[in-house]
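Participant: Residue numbers (the numbering used here): 3 to 124.
Even glycine gets a Cβ: it sits at the ideal position worked out from N, Cα and C.
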Amino acid sequence: MDQISAIEHFLHDLKHHPAVEYTFKPQVLIGYTDAYSALVSNIIETALEDDSFRFSAMNLNTSSTDSLKNAIIENDLYMLLYDTSTQSDLSTKGPGFIQELRTVMNENPKKSLLLKNYGRFF
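1) Alpha carbon to alpha carbon, how far is residue 73 from residue 9? Give it in angstroms, no decimals.
2) What does DSSP give as the partner residue(s) for residue 1 in the beta ladder?
3) Considering Cα atoms alone, identify which of 34, 68 and 12 is closest to residue 82.
4) Would you list the residues sitting across from residue 103 in a DSSP beta bridge?
5) Quick check: the Cα distance between residue 99 and residue 113, rounded to an integer number of angstroms?
6) Starting from residue 22, trace the alpha helix (DSSP H) in both directions and tell me its first and last residue.
7) Using DSSP with H/G/I as helix, E/B as strand and the rest coil, what is residue 61?
8) Should residue 32 go down as buried or exposed, given a rule of 16 or more other Cβ atoms within 10 Å for buried?
9) Going by Cα to Cα distance, which pick from 71, 103, 102 and 25 is closest to residue 54?
10) Which class does residue 114 belong to by DSSP, given the choice of helix, strand or coil?
Take a look at the structure:
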């Protein structure tokens with residue numbers, strides 16, 4: 003399956019996530035690391051054609067923690083795309099940005115979708 007078809011299937015399934023299933027054009031934050039920037043662009047571009055979601059994207063390595071926290075709170079759903087093995091701050095607790103966001107993530111568990119180490123499967 004090519005990437006665009008995979009994204010279309012993903013967007014179809016995303017409509018059924020409990021956080022957005024009954025929301026008209028839900029606002030979805032995509033937090034990502036550099037390795038996922040092309041995929042994020044393709045997701046947003048494909049979603050524009052479908053017009054079911056309003057996506058925003060923030061780089062997990064360069065966006066401020068406060069901006070990311072606010073975006074998680076303000077959006078209907080947030081998804082994080084990152085590879086743990088390529089982070090310079092390897093830890094059993096996850097990358098630094100995850101550690102910094104853990105409190106707000108724990109406060110908003112029903113609207114999360116974490117896709118770590120997912121790149122080659124999309």
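Facilitator: Looking at the coordinates:
1) 23 Å
2) Residue 1 is absent from the structure shown; the chain starts at 3 and stops at 124.
3) 34
4) BP columns for residue 103 are empty, so no partner.
5) 18 Å
6) No alpha helix (DSSP H) holds residue 22; DSSP gives it neither H nor E.
7) strand
8) buried
9) 25
10) strand
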